[in-house]
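Peer 1: Next up is a structure, given as structure tokens.
Structure follows, in structure tokens:
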């Protein structure tokens, strides 16, 4: 058992936080805000039956995420079986040989910037295995691989500008607009990215080329089985996939007031052939670009693997084998995701966190930026999704401090992003660390100084905005 937890330390730290989330329900009463008044309820404990019930319900509450991670595994395992994909990643790796710092800065900025504006953050995750494949061929340190890819997601969250998963939730809970505090958001993004990049580059300079450096490993490393050796078909197909993934999840209408994709979709679906909207029948309930859900991209990913099978001349048996291998390789990620979601289930269904927030915030009579930052970090510790964080923390702030509530939207997304880099409730943190085979302890030792600096920065910003 000791060897098991040593090998699976991420599952251990997630399990510890799950148990802690259960424990506090035995000690602290639930609470919520009713208008401007905080209401404390009785203690409602998580029992043994509740524990296992919510564990099973997690599969029903978050099925799309589980399906997403499995399809992602199958998608990249099929891609890795093609000579074209291997040629593309090898070509890029060779092009950036000797300028590795430029490469990691470009990739880190691309991922962070996309995260600030894209509707679904998990769409950005679909491109991460591609970049990791390149970094494995560049033999970059695995810590650099994680920081540049998964780590950059949280930089984007801190400075999110238009992302509906972050800013959209702020709008619902705090009645702000997309442009609210936009220059402050961009400033937080710039500061976070610069500090994060300094950490990333400094580490790379220290480790690059040393024999004892643990390099990035390719999870989907496999034998090429495609009969076609051409590169351009795979490049075109993957390029189309990337284009769809980005365009389909931009907030075209709600932010930029661009209706062209809605108009095109409507015209196609309503176009009459023999007095019948045949295209509408064929396309069914497809939404225009800008309104896609994650499940829509999953359908595209499966379809693309089938196209690759045909174009690259992969036998049906090899195709099924490859897809199955991909599912097996990411199965451990699904377990970690369920563990992280179990934490937020207990935190959300047994809301003791508002009571903790109230205790922290009422240490002084008026709104205090430092205490608010602390309360935000505590709530984010148990939050795997921003929508739950904003309900637990945002509803308290909007009720207790309505005069400054709108100005705390930056505080909320920043504290969530900061804690996302270390909390076991962060699904993408656990997936990323497991993907690169990095222990939680090693990651914490690497990142803690950056987190302290960002906490100070966010506190200063919050003080300025709410004074």
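In the working numbering, the protein residues as written are 1 to 467.
For glycine and all other residues, C-beta sits at the position ideal for the given N, C-alpha and C.
#1: For residue 215, write down the residues that DSSP places opposite it in a beta bridge.
#2: For residue 86 and residue 304, what's the separation of their Cα atoms in angstroms?
#3: Rank 240, 236, 290 and 246 by C-alpha distance to the C-alpha of residue 471 and give the top, closest one.
#4: Assuming residue 369 contacts residue 419 (C-beta within less than 8 Å), just tell me the rounded distance between them.
#5: Look at residue 136 and residue 214 and say whether their C-beta atoms are less than 8 Å apart.
#6: Check whether the Cβ atoms of residue 313 and residue 226 sit closer than 8 Å, and answer yes or no.
#7: From what residue to what residue does the beta strand (DSSP E) around residue 38 run?
#8: Taking the alpha carbon of residue 161 as the point to measure from, which residue in 421, 410, 440 and 441 has its own alpha carbon closest?
#9: With DSSP collapsed to three states, give me the class of residue 162.
#10: Just checking residue 54 against the ligand SAH - is the residue's beta carbon closer than 7 Å to any of the ligand's heavy atoms?
#11: For residue 1, does the three-state DSSP call read helix, strand or coil?
#12: May I ask which residues mark the beginning and end of the beta strand (DSSP E) holding residue 32?
#13: Ordered along the chain, which non-local residues of its own chain (more than five positions away) have a Cβ less than 7 Å from that of residue 342?
#14: Indicate whether the contact test is met: 3 or more Cβ pairs, each with one atom in the stretch 348 to 367 and one in the stretch 391 to 411, closer than 8 Å.
#15: Take the Cβ of residue 1 as the centre, count every other Cβ of all protein chains shown within 10 Å, and call the residue buried at 16 or more, exposed below.
#16: Threshold first: 4 residues or longer. Then list the alpha helix (DSSP H) segments lying entirely within the stretch 165 to 192, N to C.
#17: For the alpha helix (DSSP H) containing residue 409, name the first residue and the last one.
#18: So residue 406 packs on residue 186, CB below 8 Å; how close in whole Å?
#19: Distance check for residue 16 and residue 60, CA to CA, integer angstroms please.
#20: With a cut-off of 8 Å on the beta carbons, I'd call residue 286 and residue 265 a contact; round off their distance for me.
#21: Looking at the structure shown, is residue 100 part of a helix, part of a strand, or coil, going by DSSP?
#22: Which class does residue 385 belong to by DSSP, given the choice of helix, strand or coil?
#23: Give a yes or no on whether the C-beta atoms belonging to residue 299 and residue 66 are separated by under 8 Å.
#24: By Cβ distance below 7 Å, which residues in the same chain neighbour residue 259 in space, the five residues on each side in sequence not counted?
#25: Candidates 250, 401 and 447: which alpha carbon is nearest residue 423's?
#26: Counting only the same chain and skipping the five closest in sequence on each side, list residues whose C-beta sits under 7 Å from that of residue 440.
#27: Where in the stretch 300 to 364 do unbroken runs of the alpha helix (DSSP H), each at least 4 residues long, occur, reported from the N-terminal end onward?
#28: Along the chain, where does the alpha helix (DSSP H) that runs through residue 77 open and close?
#29: Examine the Cβ distances between the stretch 362 to 377 and the stretch 141 to 158 and report whether three or more of them are shorter than 8 Å.
#30: Within 10 angstroms of the Cβ of residue 480, are there 16 or more other Cβ atoms? Answer buried if so, exposed if not.
#31: When you compare only the Cα positions, how much space is there between residue 84 and residue 239?
#32: For the alpha helix (DSSP H) that contains residue 269, what are its first and last residues?
#33: Would DSSP call residue 438 helix, strand or coil?
Peer 2: Concretely, from the data shown:
#1: 141
#2: 17 Å
#3: Residue 471 lies beyond the stretch modelled for the chain, which goes from 1 to 467, so this question has no answer here.
#4: The Cβ separation is near 17 Å, so there is no contact.
#5: The answer is no: Cβ separation not under 8 Å.
#6: yes
#7: 37 to 40
#8: Ranked by Cα distance from residue 161, the first of 421, 410, 440 and 441 is 410.
#9: coil
#10: Annotation note on the ligand SAH: not contained in the displayed structure, which lists no ligands.
#11: The predicted position of residue 1 is uncertain, since its pLDDT is 48 and thus under 50; a value taken from the coordinates is nonetheless stated next. Residue 1: coil per DSSP, three-state reduction.
#12: 31 to 34
#13: 18, 54, 55 and 58
#14: yes
#15: In this prediction, residue 1 has a pLDDT of 48, which is less than 50 and means its spatial position is unreliable; nothing more can be read from the coordinates.
#16: 167 to 174
#17: 409 to 420
#18: In fact, because the Cβ distance is near 18 Å, the residues do not count as touching under 8 Å.
#19: Distance between residue 60 and residue 16, taken at the CA atoms: about 23 Å.
#20: 7 Å
#21: Helix, per DSSP.
#22: Reduced to three states, the DSSP call for residue 385 is coil.
#23: no
#24: 253
#25: 447
#26: 9, 10, 13 and 433
#27: 316 to 349 and 353 to 361
#28: 63 to 80
#29: Three or more Cβ pairs closer than 8 Å define a contact, and the stretch 362 to 377 falls short of that threshold against the stretch 141 to 158.
#30: Since the displayed the chain opens at 1 and closes at 467, residue 480 lies outside it and no answer follows.
#31: 13 Å
#32: 260 to 270
#33: coil
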